[in-house]
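Protein chains: 4
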Amino acid sequence: MVIVMSPGATAVDVAAIVDVVSTAGGEAFVSRGVNRTIIGLVGDVERFAALNLRAMPGVADVMRVSQPYKLVSRENHPERSVIRVGGVPIGPGTVTLIAGPCAVETPRQTLEAAEMAKAAGATLLRGGAFKPRTSPYAFQGLGEEGLRILADVREQTGLPVVTEVVDAHDVPLVASYADMLQVGTRNTQNFALLQAVGRAGKPVMLKRGMSGTIEEWLMSAEYIAQRGNLDIVLCERGIRTFETATRNTLDVSAVPVAQRLSHLPVIVDPSHSGGRRDLVLPLTRAAIAVGADGVIVDVHPHPEQALVDGPQALVDGDLRELAKVMRDFPPLVGRTLAASADDLLIG
Amino acid sequence: MVIVMSPGATAVDVAAIVDVVSTAGGEAFVSRGVNRTIIGLVGDVERFAALNLRAMPGVADVMRVSQPYKLVSRENHPERSVIRVGGVPIGPGTVTLIAGPCAVETPRQTLEAAEMAKAAGATLLRGGAFKPRTSPYAFQGLGEEGLRILADVREQTGLPVVTEVVDAHDVPLVASYADMLQVGTRNTQNFALLQAVGRAGKPVMLKRGMSGTIEEWLMSAEYIAQRGNLDIVLCERGIRTFETATRNTLDVSAVPVAQRLSHLPVIVDPSHSGGRRDLVLPLTRAAIAVGADGVIVDVHPHPEQALVDGPQALVDGDLRELAKVMRDFPPLVGRTLAASADDLLIG
Amino acid sequence: MVIVMSPGATAVDVAAIVDVVSTAGGEAFVSRGVNRTIIGLVGDVERFAALNLRAMPGVADVMRVSQPYKLVSRENHPERSVIRVGGVPIGPGTVTLIAGPCAVETPRQTLEAAEMAKAAGATLLRGGAFKPRTSPYAFQGLGEEGLRILADVREQTGLPVVTEVVDAHDVPLVASYADMLQVGTRNTQNFALLQAVGRAGKPVMLKRGMSGTIEEWLMSAEYIAQRGNLDIVLCERGIRTFETATRNTLDVSAVPVAQRLSHLPVIVDPSHSGGRRDLVLPLTRAAIAVGADGVIVDVHPHPEQALVDGPQALVDGDLRELAKVMRDFPPLVGRTLAASADDLLIG
Amino acid sequence: MVIVMSPGATAVDVAAIVDVVSTAGGEAFVSRGVNRTIIGLVGDVERFAALNLRAMPGVADVMRVSQPYKLVSRENHPERSVIRVGGVPIGPGTVTLIAGPCAVETPRQTLEAAEMAKAAGATLLRGGAFKPRTSPYAFQGLGEEGLRILADVREQTGLPVVTEVVDAHDVPLVASYADMLQVGTRNTQNFALLQAVGRAGKPVMLKRGMSGTIEEWLMSAEYIAQRGNLDIVLCERGIRTFETATRNTLDVSAVPVAQRLSHLPVIVDPSHSGGRRDLVLPLTRAAIAVGADGVIVDVHPHPEQALVDGPQALVDGDLRELAKVMRDFPPLVGRTLAASADDLLIG
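Protein chains in written order, with my numbering: chain A, 1036 to 1382; chain B, 1036 to 1382; chain C, 1036 to 1382; chain D, 1036 to 1382.
As structure tokens, this is what we get:
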């Protein structure tokens, strides 16, 4: 932390701050300029925050310097991490395609979507059994029945399963079926849930809050990491802005920024960002081009019948184009399309 | 819902929509203009939303007309509601002052804060035992020990207690101590928590999401109401914008807008909106002037030692000014300062 | 400015910065902490900004400390200013009501609106002759004909005139008719216009940019002040946020914040903030309560026929209520309703 | 436009609206549903807007249907346009690289930057002689001297010149030197300037307002088109959001969205979006991948000495990487790098 004193601050004001900081177990370094004095603090930032230094006489401003997250920070872990989900890597070197239906509706719809996904190059299956919905009158997902369907489809297709959990107390149940737990945008500051997935023993995909800063996102990841789980993949999914032409505004810059601040992989959800089918492929290309470690895409065999988010699901024709993108773009950024665990064993 | 067809839509396109809507149990009213046909739908909006009408041939736009919330809507309940918390009213006719420490730290600090609050005109005590914090390294509250302190201070001062609950599974515990349950800004779309407080049998204060629209806020209230609990008070606490001079931007317009859309009381939190002590009194005056049914304010006997949000807590001198505001402003908007249940019995 | 070095910065890195800063005519004060070194700079901030210090080896962060505006800052001018427009004061001690039609349409409509305004307590007349419109197909104002109408109505009612100027080269023309020049929200960074009104010899009302920070607003005021004109009134008129229930979000906190940073008066436009007639009175009450030095309100004798912004104009019935607000609220914040110059002479 | 009546609207209310609309020269189509009546309007939308229909008895909502821009709309011009600047095409089929210094400082700096640009594949030179700056104390550009330098460098390198104009009355001067006029983000609603460049007889690059919606951007383009100039290139340059890690948030989705709504080319400015050198290359890749018709990039031979925006300028090493991106990415989206007019003649 750095304290900037106002021009009229006295030596007594400065001494008082040094005193308070020392009492709190910190060290204060005073630097006197022509107009202003600046005091640098070393020690426990949270402790300093509680001192309310900003309210002390002569203080013009207090600025925090060091990053408030540690375990997920790249400062102490310069090499970017590779997270494995059922053997499939997510990280530098590869681009991983995760695809599937937004919501699990029937065994058949889920299987068809999984086969579409696989044909496009996906090596992980997404699908929601527990759906957080803005309206209490909207379809909330099939619950455990949906998890069973996902497990069956994994059996049939070999695709490991990524699925959302919305309540801390469902974590053991969901973790017993899933290969990766997803924390959705509305739950990025549901700290009980973050702590629960931190203890679940499964990799976690943490979406960015729809109005969360990159720093807050990394702080939420730190909550998970603190419970001993560093198998975290960050997922940018669009932020809320004044623009209404798209459901959210995909913040592609967040990918390289988060990769520079944290060692965790960062993927992109082009389906929920735009909320429009015609944007999914352009945004997928942009995501890979900007350096994302993967993309997660909604597909549905019959989007016109989808119970959730049908308007953004890719259909059959789009998937041939998606397959082409997944083949052509990764090499341009020095990566390969992530293969499945089976392929890896065979290969 | 209203469907706007594109200029080139055919009679077949229109017939297809009428057909789909009828099959879904709705009615479609077709109006042909010179350039465009417009179709009005009557029936279950959520059902229609699932039809993905936007993707049908000839459709240019689909617009939702009726409100997506029902129980909390004022359309079917024109009279504004009064919610009672331990006998203290919140609603039209009164301005209720809720005050206390942001976080419960010690019995003494809580009692002193409660006495400060009472002297300023407060008839309800706020205080956090479970604190949602952006950083996992920050003070997370005293938990049940904090609830016990609040109950003791209620005993000593007669002030009913408002306190936050952050996890669905803590609801029975918190409800066993509290007179009103608070759902914080980070949890306004934690649907498990909303449903749990909906079953708790205690009034609920629902803060607005820091990036939530007014409509989403009312939808979250609908989640609570759907579980049988209509004793809900809405609390505007500032929204996230591009401006960085204040922690959040207090949206005073949200008070009359929400009061017009919903019959529920709407109060304002001037402490968390601005995040600065010097703004609390001006924003309190603005809140009462704009028509808020109450305000909830942080006070602390020694803010320079506060473990959470000290910089925004009012201190002794401010409270004399707050008492004056609470006395002078309500009459100007045709209200009185809400009295405590005891006063009501005596009076 | 303060430079924060990274933990691994060397003594050579630090020396290089001191050297660069000295060469640029500044002074650098080095403070070595246990983990980091901090360097405080004194001198010309713009000069330092051009040095691109952030790119130098070992630099972790560069933070600006002093305010980038000077003439409008309260640091060097602690007493809040009173600006006089045709003899009517705007500043501390008073609340000034400015009212009139959004756009001047006919002599009769303007006169009727002015009389309505006066009856409600207004001592300045607003009215637009040059209208900036998002659509090129919308009514753009009457131009000089509108200015003549305003001058005639001033003659008939005694109300000095506030009117907008949208192009630097119209400034002499508009200034020849108006008592106060208004710079609108879309022009707050039209620097040619700011400089032109700075030379016009008339007071200026500077609206806040609809997405402008408070700091940018004060920088725009500084552009005007730099040309020798310190008769500037700041006008908060709502900012652009994600909320769509209101046209803009009135940022009431901006009033005390700007008043603390600058000595200039700050008024509020409750009509354009909300864009809804039913919000004008509540927001007017909030504006006075929060400490605004005045309000500027749209009135129209027949809003259903208004060519611009009819939906937000107050009508006759509202104006009796407005008059009551203007009478009752100023005393509560230690102010009086600003009187006209004539009244002052008589009184 | 569509008018939605409230459930309690009477037949008289509906008749009154039909009457008002007919009087205004429009047609009204009434559709009665079980709960609500809906009225579709055909005719002049601006005229209807002025009727203030929302204020009429029984009206619940008024919704605009057709697009408010016409000349730049793709509805009436399905083929995407190619704009030529000094013979260099911008449009579908190509990706055009525009590069150069943010501000023209000296002949040597400008020539060196132009040569760097050319080596990276640029066929148009950018460079600012008139700089809009938030602070009046910042460097404002060399003015006409800067234009002369640009013309000289064009002579030496063969690169046509793109340069900003900030005041309507400078348009003839700037147009006499430039091959393309740039309207900056702060001037996108400076309507006098838009009209002036509409009459200038030179292609125009119109940046998006930093808080402008895509619709407002197209409306601003319509202002230019209305004056007879359809040689307009739209430039997405990042929008203002709550995120502070980047200067602005590049809205890549805006590229396909604007291309679908308008026939005009859309390019991206990755330098000003992020405001950070390390983001320029990733964002350039994302821009081409998402389908942009070009990119405009800051380069500077000595960014550490740059008077404006040095921190985001590319340096020599980056440019080799940029050249590679410009060579490898366009083919993946079915395009070629735009060649210069000379190459076209020779080829």
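Glycine residues also receive a C-beta, built at the ideal position from the N, C-alpha and C atoms.
- Query: Can you find a heavy atom of the ligand NAP that lies under 7 Å from the Cβ of Arg1362 (chain C)?
  - Reply: In the structure shown, the ligand NAP is absent, as is every other ligand, since no ligand is present at all.
- Task: Would you tell me roughly how many angstroms separate the C-alpha atoms of Arg1275 (chain B) and Ser1246 (chain A), rounded to the nearest one?
- Result: Taking the CA atoms as reference points, Arg1275 (chain B) sits about 8 Å from Ser1246 (chain A).
- Message: Considering Cα atoms alone, identify which of B:Arg1262, B:Thr1058, B:Pro1291, B:Arg1143 is closest to Arg1183 (chain B).
- Response: Closest in alpha carbon position to Arg1183 (chain B), among B:Arg1262, B:Thr1058, B:Pro1291, B:Arg1143, is B:Arg1143.
- Message: Strictly under 8 Å for the Cβ-Cβ distance: is Asp1286 (chain B) near chain C by that measure?
- Response: True, the Cβ-Cβ gap to chain C drops below 8 Å.
- Tell me, please, which residues DSSP counts as bridged to Glu1199 (chain C). Looking at the DSSP output, Glu1199 (chain C) bridges to C:Gln1217.
- Query: Using the beta-carbon of each residue, which ones in chain B are nearer than 8 Å to Leu1318 (chain C)?
  - Reply: Those are Val1287, Ser1288, Val1325, listed as they occur along chain B.
- Of the residues D:Asp1351, D:Gly1352, D:Val1334, D:Asp1353, which one's Cα is nearest the Cα of Asp1344 (chain D)? Comparing alpha-carbon positions, the option among D:Asp1351, D:Gly1352, D:Val1334, D:Asp1353 lying closest to Asp1344 (chain D) turns out to be D:Val1334.
- Task: Say whether the region 1291–1310 of chain B touches the region 1083–1094 of chain B, bearing in mind that this needs 3 or more beta-carbon pairs closer than 8 Å, one atom from each stretch.
- Result: The answer is no - the region 1083–1094 of chain B does not touch the region 1291–1310 of chain B, with fewer than three Cβ pairs under 8 Å.
- Going by DSSP, which residues form a beta bridge with Glu1278 (chain D)? Residue pairing of Glu1278 (chain D) in beta bridges, as defined by DSSP: absent, with no partner found.
- Enumerate, from N- to C-terminal direction, the unbroken alpha helix (DSSP H) stretches of 4 or more residues contained entirely within the region 1057–1137 of chain C. Taking only runs of at least 4 residues, the alpha helix (DSSP H) segments lying wholly in the region 1057–1137 of chain C are 1080–1085.
- Item | chain D contacts from the region 1214–1246 of chain C (Cβ-Cβ distance under 7 Å) | Residues passing the 7 Å Cβ filter: Arg1221, Asn1222, Gln1224, Asn1225, Phe1226, Ala1227, Met1245, Ser1246.
- Query: Do we get a CB-CB distance below 8 Å when we pair Gly1309 (chain C) with the residues of chain B?
  - Reply: It does: the Cβ of Gly1309 (chain C) has a partner Cβ on chain B nearer than 8 Å.
- What is the rounded straight-line gap between the Cα of Ala1358 (chain D) and the Cα of Met1240 (chain D)? The alpha-carbon atoms of Ala1358 (chain D) and Met1240 (chain D) are separated by roughly 23 Å.
- Message: With three or more C-beta pairs closer than 8 Å as the rule, is the region 1153–1164 of chain A touching the region 1107–1117 of chain A?
- Response: Touching, no.
- Query: Between which two residues does the alpha helix (DSSP H) carrying Arg1295 (chain B) extend?
  - Reply: Where Arg1295 (chain B) is concerned, the enclosing alpha helix (DSSP H) starts and stops at 1289–1296.
- State the CB to CB distance for the pair Ile1323 (chain A) and Val1368 (chain A), rounded to an integer number of angstroms; the pair is presumed to be in contact (CB under 8 Å). That belief holds up - the Cβ atoms of Ile1323 (chain A) and Val1368 (chain A) are roughly 6 Å apart, short of 8 Å.
- Kindly indicate which three-state DSSP category Lys1242 (chain A) falls into: helix, strand or coil? Look at Lys1242 (chain A) here: in three-state DSSP terms it is strand.
- Item | Cut-off 7 Å between Cβ atoms - residues of its own chain near Glu1150 (chain D), not counting five sequence neighbours on either side | Closer than 7 Å at the Cβ level, and outside the excluded window around Glu1150 (chain D), lie Thr1192.
- Using the Cα positions of Leu1228 (chain C) and Asp1205 (chain C), report the straight-line distance between them to the nearest angstrom. If you take the alpha carbons of Leu1228 (chain C) and Asp1205 (chain C), they lie about 9 Å apart.
- Query: Glu1271 (chain A) touches chain D at which residues, Cβ-Cβ below 7 Å?
  - Reply: Here the premise fails: no neighbours, minimum Cβ distance about 11 Å.
- Query: Considering only residues of the same chain and omitting the five flanking positions on each side of Gln1224 (chain B), which have a CB-CB separation below 8 Å?
  - Reply: Within the same chain, Gln1224 (chain B) has close Cβ partners Gly1244, Gly1247, Glu1251, Ser1255.
- Using DSSP with H/G/I as helix, E/B as strand and the rest coil, what is Val1332 (chain D)? Strand, per DSSP.
- Message: Taking DSSP's pairing of strands, which residues face Ile1323 (chain B) in a bridge?
- Response: Residue pairing by DSSP places Ile1323 (chain B) opposite no residue, since no beta bridge is assigned to it.
- Task: Any chance you could list the beta strand (DSSP E) runs of at least 3 consecutive residues sitting entirely within the region 1132–1211 of chain A, in chain order?
- Result: For the region 1132–1211 of chain A, the full-length beta strand (DSSP E) segments reaching 3 residues or more read 1159–1161, 1196–1199 along the chain.
- Query: Given 8 Å as the limit, is there contact between the region 1295–1310 of chain A and the region 1264–1278 of chain A, that is, 3 or more CB pairs closer than that?
  - Reply: A contact is defined here as three or more CB-CB pairs under 8 Å, and the region 1295–1310 of chain A meets this definition with respect to the region 1264–1278 of chain A.
- Item | Cβ neighbour criterion (16 or more within 10 Å) applied to Ser1108 (chain D) | Buried is the call here.
- Task: Could you name the residues of chain D that Arg1275 (chain C) contacts, counting a contact when the two beta carbons are closer than 8 Å?
- Result: Going along chain D in sequence order, the residues near Arg1275 (chain C) (Cβ under 8 Å) are Ser1246.
- Query: Would a C-beta distance cut-off of 8 Å place Lys1242 (chain C) and Leu1216 (chain C) closer than the cut-off?
  - Reply: In this structure, Leu1216 (chain C) does not lie closer than 8 Å to Lys1242 (chain C) by Cβ.
- Compile a chain-ordered list of the residues in the region 1083–1099 of chain C whose CB is closer than 9 Å to at least one CB of chain A. Interface annotation for the region 1083–1099 of chain C against chain A: Ala1095, Asp1096, Met1098, criterion Cβ-Cβ distance under 9 Å.
- Message: Looking at the secondary structure, which residues open and close the alpha helix (DSSP H) in which Leu1367 (chain B) lies?
- Response: Note, Leu1367 (chain B): alpha helix (DSSP H), 1351–1367.
- Listed by chain order, chain B residues near Leu1367 (chain C) by CB distance under 7 Å: Result: Asp1363, Phe1364, Leu1367.
- Chain-ordered chain B contacts of Glu1179 (chain A) [CB-CB under 9 Å]: What Glu1179 (chain A) touches in chain B: nothing, since even the nearest Cβ is about 15 Å away.
- Relative to the C-alpha of Leu1314 (chain D), which residue among D:Val1097, D:Gly1273, D:Glu1062, D:Asp1363 is closest? Measuring C-alpha to C-alpha distances from Leu1314 (chain D) to each of D:Val1097, D:Gly1273, D:Glu1062, D:Asp1363 identifies D:Gly1273 as the nearest.
- Query: What residues in its chain sit with their C-beta under 6 Å from that of Ser1306 (chain D), if we drop five residues either side in the sequence?
  - Reply: Result list for Ser1306 (chain D): Val1315, Val1332, Asp1333, Gln1347, in chain order.
- Task: Taking the CB atoms as reference points, tell me whether Gly1075 (chain D) and Thr1045 (chain D) lie closer together than 8 Å.
- Result: 8 Å or more divides the Cβ of Gly1075 (chain D) from the Cβ of Thr1045 (chain D).
- Message: Beta carbons nearer than 7 Å to chain D: which residues of the region 1188–1200 of chain C have them?
- Response: Within the region 1188–1200 of chain C, not one residue has a Cβ closer than 7 Å to any Cβ of chain D.
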